[in-house]
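Have a look at the structure below before the remarks.
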Amino acid sequence: MLLNGLAAGCIYGLVALGFVLIYKATEMVNFAQGDLLMLGAFMAFALIEHYGLNYWAAFLGAVLFMAVFGYLLDTVILRQVIGQPQFAVVMLTIGLGFLFRSGASMIWGTETRAFATPFTDGVTRVGGFVIADVNLSIVCGTAILCGLLYAFFRFTRIGVAMQAASQNQLAAYYMGIPVKMIFSLVWAISAGVAAVAGILLAPVSLIDVTIGLIGLKAFAAAVLGGFGSIPGAVFGGLVIGVIEQFSGIYLPEGFKDVAAYIVILLVLFVRPQGLFGNIGRKRV
Amino acid sequence: MRFFFKTDYNQDINLFRDGVDRFWYGLLIAVLLAAPFLLEDFWLGEISYVFILAIVGIGLMVLTGYTGQVSLGHAAFLGIGAYTHSVLLNLGVPFWISIPAATLLSALIGALIGRPALRLTGVYLAIATLAFAFIIEQILIRWEHVTGGFKGFPVPRPEVLGHSMVEDVPFYYITFGALVLAVLVALNLLRSPTGRAFVAIRDSEIAAQSMGVNLAAYKTLAFSISAGFTGFGGTLFAHKIGYLAPDAFNILLSIQLLLMVVVGGLGSLHGAIFGAIFVGSLPQLIAILRDYLPEGIARQPGLEPGIFGLILVFFILFEPLGIYGRWLKVKLYFSLFPLYKKATFKRQKTYTKSERNR
Amino acid sequence: MTLFQADNLAINFGGIKAVDGVSFDVQKGQVFTIIGPNGAGKTTVFNLISRIYDPTSGVLRFEGNDITGVPPHKIAAMGIARTFQNIELFEHATVLHNLLLGRHAHRGGNLASQLLFLPSVRKMELEHREKVEHVIDFLDLQHYRDTYIVNLPYGARKVVELARALCTEPKLLLLDEPSSGLNTEETEDMAFWIHDIRNELGITVLMVEHDMTLVNEVSDRVLALNYGRVLALGTPSEVQSHPEVVKAYLGD
Numbered sequence: 001m002l003l004n005g006l007a008a009g010c011i012y013g014l015v016a017l018g019f020v021l022i023y024k025a026t027e028m029v030n031f032a033q034g035d036l037l038m039l040g041a042f043m044a045f046a047l048i049e050h051y052g053l054n055y056w057a058a059f060l061g062a063v064l065f066m067a068v069f070g071y072l073l074d075t076v077i078l079r080q081v082i083g084q085p086q087f088a089v090v091m092l093t094i095g096l097g098f099l100f101r102s103g104a105s106m107i108w109g110t111e112t113r114a115f116a117t118p119f120t121d122g123v124t125r126v127g128g129f130v131i132a133d134v135n136l137s138i139v140c141g142t143a144i145l146c147g148l149l150y151a152f153f154r155f156t157r158i159g160v161a162m163q164a165a166s167q168n169q170l171a172a173y174y175m176g177i178p179v180k181m182i183f184s185l186v187w188a189i190s191a192g193v194a195a196v197a198g199i200l201l202a203p204v205s206l207i208d209v210t211i212g213l214i215g216l217k218a219f220a221a222a223v224l225g226g227f228g229s230i231p232g233a234v235f236g237g238l239v240i241g242v243i244e245q246f247s248g249i250y251l252p253e254g255f256k257d258v259a260a261y262i263v264i265l266l267v268l269f270v271r272p273q274g275l276f277g278n279i280g281r282k283r284v
Numbered sequence: 285m286r287f288f289f290k291t292d293y294n295q296d297i298n299l300f301r302d303g304v305d306r307f308w309y310g311l312l313i314a315v316l317l318a319a320p321f322l323l324e325d326f327w328l329g330e331i332s333y334v335f336i337l338a339i340v341g342i343g344l345m346v347l348t349g350y351t352g353q354v355s356l357g358h359a360a361f362l363g364i365g366a367y368t369h370s371v372l373l374n375l376g377v378p379f380w381i382s383i384p385a386a387t388l389l390s391a392l393i394g395a396l397i398g399r400p401a402l403r404l405t406g407v408y409l410a411i412a413t414l415a416f417a418f419i420i421e422q423i424l425i426r427w428e429h430v431t432g433g434f435k436g437f438p439v440p441r442p443e444v445l446g447h448s449m450v451e452d453v454p455f456y457y458i459t460f461g462a463l464v465l466a467v468l469v470a471l472n473l474l475r476s477p478t479g480r481a482f483v484a485i486r487d488s489e490i491a492a493q494s495m496g497v498n499l500a501a502y503k504t505l506a507f508s509i510s511a512g513f514t515g516f517g518g519t520l521f522a523h524k525i526g527y528l529a530p531d532a533f534n535i536l537l538s539i540q541l542l543l544m545v546v547v548g549g550l551g552s553l554h555g556a557i558f559g560a561i562f563v564g565s566l567p568q569l570i571a572i573l574r575d576y577l578p579e580g581i582a583r584q585p586g587l588e589p590g591i592f593g594l595i596l597v598f599f600i601l602f603e604p605l606g607i608y609g610r611w612l613k614v615k616l617y618f619s620l621f622p623l624y625k626k627a628t629f630k631r632q633k634t635y636t637k638s639e640r641n642r
Numbered sequence: 643m644t645l646f647q648a649d650n651l652a653i654n655f656g657g658i659k660a661v662d663g664v665s666f667d668v669q670k671g672q673v674f675t676i677i678g679p680n681g682a683g684k685t686t687v688f689n690l691i692s693r694i695y696d697p698t699s700g701v702l703r704f705e706g707n708d709i710t711g712v713p714p715h716k717i718a719a720m721g722i723a724r725t726f727q728n729i730e731l732f733e734h735a736t737v738l739h740n741l742l743l744g745r746h747a748h749r750g751g752n753l754a755s756q757l758l759f760l761p762s763v764r765k766m767e768l769e770h771r772e773k774v775e776h777v778i779d780f781l782d783l784q785h786y787r788d789t790y791i792v793n794l795p796y797g798a799r800k801v802v803e804l805a806r807a808l809c810t811e812p813k814l815l816l817l818d819e820p821s822s823g824l825n826t827e828e829t830e831d832m833a834f835w836i837h838d839i840r841n842e843l844g845i846t847v848l849m850v851e852h853d854m855t856l857v858n859e860v861s862d863r864v865l866a867l868n869y870g871r872v873l874a875l876g877t878p879s880e881v882q883s884h885p886e887v888v889k890a891y892l893g894d
């Protein structure tokens with residue numbers, strides 16, 4: 001039961017992680033993050049079902065494809081609105097989300113799809129507990145991905161450059177950091193993370209074009225974590241996942257669907273900086 | 285090029301700048317009043333829909349275009365207005381009471397949600413309003429003995445002196461009157477100190493505060509007024525769609541409303557109206573477009589949201605000032621012909637200005 | 643007569659003492675200038691006075707009243723107006739609109755009367771306009787009246803900001819680096835206006851300024867700050883020749 005919640009929470013956490021990465025680097029809020037997840041899942045589906053690749057090859061292929069997609073998305077479209085008000089970016093990504101959904105439904109149709117994974121239907125026994133492999137795969141996958149990202153930002157040159165660019169864009173630019181490329185790379189990573197989340201989620205919830213709505217719930221995770229904090233996003237995701245699971249059991253029908261949103265409102269009204277974040281004031 | 289000779293401070297306060305403006309707007313009103321004698325009922329219905337959208341657009345424009353606060357949940361206020369009005373009608377309350385009551389309730393809920401939300405800026409506010417809209421939608425679904433749950437209920441058709449007021453022609457005049465009223469109230473708001481304070485908050489909160497604007501009070505007020513307009517539009521919207529169900533007030537509608545103000549042109553009432561005309565006629569345009577598209581694409585259910593998305597992306601990238609901005613440019617082009625410089629409205633290069641600290 | 647008094651003012655930002663035990667009084671009718679190297683805490687003092695920051699300790703008194711707990715939006719109505727170092731105008735509005743907002747503290751009429759735009763509201767608007775026109779004449783802004791701020795040159799924006807502050811009819815005017823970014827002629831104009839604001843309008847001026855020529859020209863009293871502490875207080879020439887001040891500006 002708890003693990004179900006944690007697994008759902010991991011997915012929220014991964015999507016939230018994507019938001020936060022982009023927000024930290026470029027101050028853009030990507031309302032199309034959930035739709036990137038959807039595209040990632042469909043790519044894996046297409047690679048497995050239409051091109052007969054095995055699961056792992058399709059996994060890698062879909063993630064790489066989405067990373068390239070994210071990179072191009074930034075270079076071609078989002079770069080145009082750098083420096084425009086945040087509102088413009090919000091509207092732009094909402095528009096892009098609609099386009100992705102519409103595009104996916106034209107290519108793959110609106111039916112629900114599923115593909116076979118090594119984890120489907122398998123169970124693992126730990127002590128007296130029976131754990132579904134799909135949930136285990138989500139939790140482990142998330143943990144591995146977070147470890148990789150941590151190492152990337154902490155120890156690689158380009159990861160450090162990304163942090164610099166997110167601290168002060170102009171200063172980073174003067175220091176010779178190719179800020180534009182860094183931003184595109186951040187989008188690539190973020191899209192890649194979304195694809196991982198989508199593929200991990202696929203055996204649990206099946207895929208259709210509206211799966212991207214999960215992105216809206218992931219906002220709750222990002223907000224809870226403070227919107228600027230990567231560990232906060234993952235932790236926030238876990239909390240939301242568990243709250244949702246338990247409100248489904250203990251509260252009247254309907255609460256499960258809106259639990260995430262109630263959490264958002266509570267957090268924003270009580271502690272708008274989230275659990276881990278801080279809000280600065282404009283200097284005059 | 286026309287010159288305005290200003291000889292009196294009142295000229296900056298009056299609704300029309302001069303006799304020429306008064307003439308054109310008067311003509312427009314006269315044509316709209318005469319429309320039922322010239323057009324078929326189908327078109328009257330479509331135009332009433334545009335009028336309703338325009339009322340809602342004005343409400344959202346006050347909040348987003350003038351006060352600079354983004355709401356992704358305005359469909360919820362539309363829903364609150366529509367449901368409150370219809371439920372009251374079902375209880376036997378006459379419509380001339382239920383419409384103001386629904387408007388006031390929307391404004392009140394707007395104030396309640398706006399009050400805590402005022403500490404939030406930019407994207408946080410957008411997310412909070414989004415969450416609010418989902419919760420309202422869920423309430424509409426679950427509060428079954430009032431709202432009829434998923435299935436919803438038909439909207440009563442009130443009668444005045446034996447005439448149904450939701451027939452095409454009377455309904456056209458009612459919505460037209462409502463729009464004129466909404467425009468007048470909005471214009472009065474914007475030319476008074478309150479409207480100026482809204483614009484001040486939009487452009488610089490810190491300066492507004494130093495000049496004596498109580499940010500908390502005015503942001504709440506903007507939210508409340510905007511919700512009131514939207515709820516007012518909602519009461520008429522209920523009659524237009526004739527049957528209320530929660531999925532009529534989903535996130536897609538909220539986005540369509542935002543699309544309306546963005547496409548029309550943020551920061552002007554003209555923009556709200558142009559946007560309403562555009563969004564109101566979009567379904568017709570898409571229907572026409574379907575005839576010209578290849579069979580495979582034309583029958584896709586995803587086509588309509590896709591086109592919405594495409595329009596949104598297109599406007600943000602290429603015409604952030606919206607249709608009204610384009611209109612001003614075209615006017616300038618003709619008045620300066622042949623001296624119009626292409627660079628007049630060129631966007632300057634920018635880098636990210638942090639909105640984290642404000 | 644003492645118009646404004648800061649008593650032992652202090653504020654910490656995460657352990658850094660940005661302002662530390664600063665006390666000074668401003669007499670009515672004076673031009674009082676705060677100088678100091680970058681990061682000395684000058685603007686922080688302004689932000690404390692306009693109540694954007696809450697002081698960690700210390701008291702602010704205006705006309706004898708303690709204003710340390712007054713919310714920032716009530717400061718304007720009490721008679722304190724300010725300008726900003728990096729110009730905070732309402733960019734997508736006209737000059738006239740900006741100046742009319744300066745009248746916000748003197749607005750009247752409730753929301754309902756404004757929504758109906760009753761004759762009383764119109765009368766009030768005309769009165770505000772009259773006041774604003776006086777300021778426009780005073781600062782020679784006539785030809786910018788209907789221009790949008792985004793289309794104004796930098797120098798004109800500085801003047802509009804000064805005008806907006808004057809529209810609130812302040813008793814104490816806070817000017818944050820009025821000459822920064824201005825050319826020599828514009829700075830001269832600014833010096834004239836500061837003179838006139840004090841002599842003709844009788845407004846007390848408290849300013850932060852780097853341009854020592856302007857400081858010498860207009861100031862009655864000068865306060866030198868460094869690292870949030872008071873270095874010297876006195877007439878312009880006294881402060882400039884003070885050994886601590888010379889050290890702070892030129893190094894050892």
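Protein chains in written order, with the numbering used here: chain A, 1 to 284; chain B, 285 to 642; chain C, 643 to 894.
For glycine and all other residues, C-beta sits at the position ideal for the given N, C-alpha and C.
Predicted model only: the values in this text are computed from it and were never measured.
- Rounded to the nearest angstrom, the Cβ distance from A:Leu-36 to A:Met-66 is 6 Å, consistent with a contact under 8 Å.
- Beta-bridge partners of C:Gly-876 (DSSP): C:Val-864.
- In terms of beta-carbon proximity, C:Gln-756 lines the interface with chain B, with at least one pair separated by less than 8 Å.
- In chain order, Asn-4 and Gly-5 place their CB closer than 6 Å to the CB of A:Gln-245, counting only its own chain and leaving out the 5 sequence neighbours on each side.
- A:Phe-65 does not reach chain B, its nearest Cβ partner there being about 21 Å away, counting only Cβ pairs nearer than 7 Å.
- A straight line joining the alpha-carbon of A:Ser-137 with that of A:Ile-199 spans about 11 Å.
- Under the Cβ criterion of 8 Å, B:Pro-477 is counted among the residues facing chain C.
- Leaving aside the five residues that flank B:Tyr-350 on each side, the residues in its chain whose CB is nearer than 8 Å to its CB run, in chain order, Leu-474, Gly-479, Phe-482, Val-483, Arg-486, Ala-506 and Gly-551.
- Judged by DSSP secondary structure, C:Phe-666 falls within the beta strand (DSSP E) whose first and last residues are 658 to 669.
- Beta-bridge partners of C:Thr-675 (DSSP): C:Met-849 and C:Val-864.
- When DSSP assignments are scanned along the stretch 529 to 603 of chain B, the uninterrupted stretches of alpha helix (DSSP H) that are 4 or more residues long and fall wholly within it turn out to be 535 to 548, 553 to 576, 579 to 582 and 587 to 602.
- Taken through DSSP and simplified to helix, strand or coil, B:Gln-422 comes out as helix.
- DSSP places C:Gln-647 inside the beta strand (DSSP E), whose first and last residues are 644 to 655.
- As computed with DSSP, A:Arg-113 is found in a beta bridge with A:Ile-207.
- Against chain C, the beta carbon of B:Leu-499 has neighbours under 9 Å at Pro-714 and His-715, listed in chain order.
- In this structure, DSSP gives B:Pro-400 a helical state, which the three-state scheme calls helix.
- Boundaries for B:Arg-441: no beta strand (DSSP E) harbours it, and the DSSP string shows neither H nor E there.
- DSSP places B:Gly-518 in no beta strand (DSSP E) but in the uninterrupted alpha helix (DSSP H) bounded by 499 to 525.
- Distance between A:Phe-129 and A:Asn-135, taken at the CA atoms: about 13 Å.
- Boundaries of the beta strand (DSSP E) harbouring C:Asp-818: 814 to 818, taken from the DSSP string.
- Look at B:Ile-419: its C-beta is under 8 Å from a C-beta on chain A.
- Taking C-beta atoms as the reference points, C:Ala-874 and C:Thr-810 fail to come closer than 8 Å.
- The C-beta distance from B:Ile-331 to B:Tyr-456 rounds to 7 Å, short enough to meet the 8 Å contact threshold.
- In this structure B:Leu-362 is in contact with B:Gly-518, their Cβ atoms being roughly 4 Å apart against a cut-off of 8 Å.
- At least one beta carbon of chain A lies nearer than 8 Å to the beta carbon of B:Val-597.
- In the three-state DSSP reduction, A:Ile-131 falls in the strand class (E or B).
- The alpha-carbon of B:Leu-541 is positioned some 8 Å away from that of B:Val-340.
- Put simply, the backbone Cα of C:Ala-735 is about 18 Å away from that of B:Gly-496.
- Contact between A:Val-196 and A:Gly-241 is ruled out by a C-beta separation of about 16 Å, above the 8 Å threshold.
- For the stretch 189 to 241 of chain A, the full-length alpha helix (DSSP H) segments reaching 4 residues or more read 214 to 224 along the chain.
- CA-to-CA, the gap between A:Phe-115 and B:Val-377 works out to about 56 Å.
- Within the DSSP secondary-structure output, C:Val-701 pairs in a beta bridge with C:Asp-649.
- Listed along chain B, no residue sits closer than 9 Å to A:Leu-185 by beta-carbon distance, the nearest being about 16 Å off.
- The beta carbons of C:Pro-697 and C:Ala-660 sit about 10 Å from each other, so the pair does not count as a contact at 8 Å.
- Contact of A:Ile-230 with chain B by beta-carbon distance below 7 Å is absent, the smallest such distance being about 16 Å.
- By the neighbour-count criterion, in which 16 or more other beta carbons inside 10 Å mark a residue as buried, A:Ile-214 falls on the buried side.
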